[in-house]
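Data block below; observations after.
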Amino acid sequence: MTDKELSYCPGCGHGTAHRITMEVLDDLDAIKDTIGIAPVGCSVLAYEFMNIDMQQAAHGRAPALATAVKRLWPSKHVFTYQGDGDLAAIGTAETIHACNRGENIVIIFINNGIYGMTGGQMAPTTLPQMKSSTSPNGRDTGTMGHPLKITELIAQLPGVHFVTRQAVHTPGGVRKAKKAIKKAFEQSFENKGLCFVEIVSNCNSGWKMEPRASNVWMEENMFPYYPLGDIKVNGELISK
Numbered sequence: 210m211t212d213k214e215l216s217y218c219p220g221c222g223h224g225t226a227h228r229i230t231m232e233v234l235d236d237l238d239a240i241k242d243t244i245g246i247a248p249v250g251c252s253v254l255a256y257e258f259m260n261i262d263m264q265q266a267a268h269g270r271a272p273a274l275a276t277a278v279k280r281l282w283p284s285k286h287v288f289t290y291q292g293d294g295d296l297a298a299i300g301t302a303e304t305i306h307a308c309n310r311g312e313n314i315v316i317i318f319i320n321n322g323i324y325g326m327t328g329g330q331m332a333p334t335t336l337p338q339m340k341s342s343t344s345p346n347g348r349d350t351g352t353m354g355h356p357l358k359i360t361e362l363i364a365q366l367p368g369v370h371f372v373t374r375q376a377v378h379t380p381g382g383v384r385k386a387k388k389a390i391k392k393a394f395e396q397s398f399e400n401k402g403l404c405f406v407e408i409v410s411n412c413n414s415g416w417k418m419e420p421r422a423s424n425v426w427m428e429e430n431m432f433p434y435y436p437l438g439d440i441k442v443n444g445e446l447i448s449k
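For the working numbering, count along the sequence shown from 1 and bump the result up by 209.
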């Protein structure tokens with residue numbers, strides 16, 4: 210990590226996700242050989258805090274840029290760090306096709322169910338009846354559709370080798386998330402295919418909650434819809 214003071218809202222999971230990602234790369238002695246791609250949204254701040262080579266991508270295009278970097282510089286380890294509005298909305302096509310091609314990159318996906326940086330709008334992952342600035346009465350699935358379980362969707366693709374969903378709101382959750390991120394990078398280093406780590410996080414500012422209350426709400430509402438655990442291991446879907 211750089212020495213720059215974190216500018217995320219107090220209680221946000223981004224800072225923890227940043228730290229364990231960098232700890233993993235340090236543990237793997239891969240700092241000098243890794244390139245991170247950060248797009249638009251809160252994720253864009255990653256390059257200010259991760260002390261590695263970073264490249265900013267246009268909104269939603271991080272997997273496409275990561276594909277180019279990896280193919281042009283195959284000796285480097287490449288990952289994207291993306292939010293749900295970026296990865297599962299404007300970047301849906303890039304995400305799906307990079308996964309389908311089995312690009313040897315790692316995608317770290319922060320799912321907080323809302324557009325955090327731009328004003329708390331409804332995201333593809335916003336839960337039914339969940340309120341946002343663009344669904345003030347709650348998400349109506351009849352007119353707004355159902356939340357997109359993008360992680361389960363990409364897990365079906367043959368080019369994806371490892372898919373998991375974790376959280377970083379407790380010490381135990383942090384340990385499991387770090388272990389999952391390390392596994393993703395190790396398998397990507399071995400050119401096994403695309404590895405995808407979703408981290409379900411809070412957005413206490415967007416949710417209009419105090420940080421501790423937002424973590425409780427996340428456990429009670431987000432986790433039942435987005436259950437934690439491995440979804441695909443060694444190219445094989447895990448039966449639930």
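Glycine is no exception: its CB is placed at the ideal position from the N, C-alpha and C atoms.
Asked	Found
Status (buried if at least 16 other CB within 10 Å, exposed otherwise) for LEU281	exposed
For TYR290: DSSP bridge partner residues	ILE317
Buried versus exposed, by CB contacts within 10 Å (16 or more), GLN365	exposed
Complete runs of the alpha helix (DSSP H) confined to the region 255-310 [at least 4 residues]	255-258, 271-281, 301-310
Those residues which DSSP pairs with THR243 across a bridge	HIS286
Proximal residues to ALA239 (C-beta, below 6 Å), its chain only, five neighbours per side dropped	HIS286
Three CB pairs or more closer than 8 Å across the region 413-422 and the region 379-395	no
Beta-carbon proximity list for GLY368, same chain, < 7 Å, skipping 5 on both sides	CYS308, ASN309, ARG310, GLY311, GLY402, LEU403
Beta-carbon spacing of THR334, GLY351 below 7 Å	no
Beta-carbon proximity of TYR435 to VAL409, cut-off 7 Å	yes
Exposed unless 16 or more other CB atoms sit within 10 angstroms - verdict on ASN424	buried
Beta-carbon contacts of VAL253 that lie in its chain and below 6 Å, excluding the five residues immediately before and after	ALA247
Sequence-distant residues of its chain with Cβ nearer than 8 Å to GLY222 (five each side left out)	ILE319, ASN321, ALA376, VAL377, HIS378, ILE408, SER410, ASN411
Among ALA255, MET326, GLU361, HIS227, the one whose alpha carbon lies nearest that of LEU446	GLU361
Alpha-carbon spacing of ASN413 relative to GLY245, whole angstroms	26 Å
Sub-7 Å separation of THR230 and ILE390 beta-carbons	yes
Residue ranges of each alpha helix (DSSP H) within the region 332-361, 4 or longer	350-353
Bridge-paired residues (DSSP) for ASP238	Its beta-bridge partners do not exist; DSSP assigns none.
Which of helix, strand or coil DSSP assigns to THR225	helix
Cβ neighbours of TRP426 in the same chain (closer than 8 Å, five flanking residues each side left out)	ASN411, TRP416, MET418
Alpha-carbon to alpha-carbon, GLU428 and GLY347	19 Å
Euclidean distance between Cα positions of ASN313 and LYS279	8 Å
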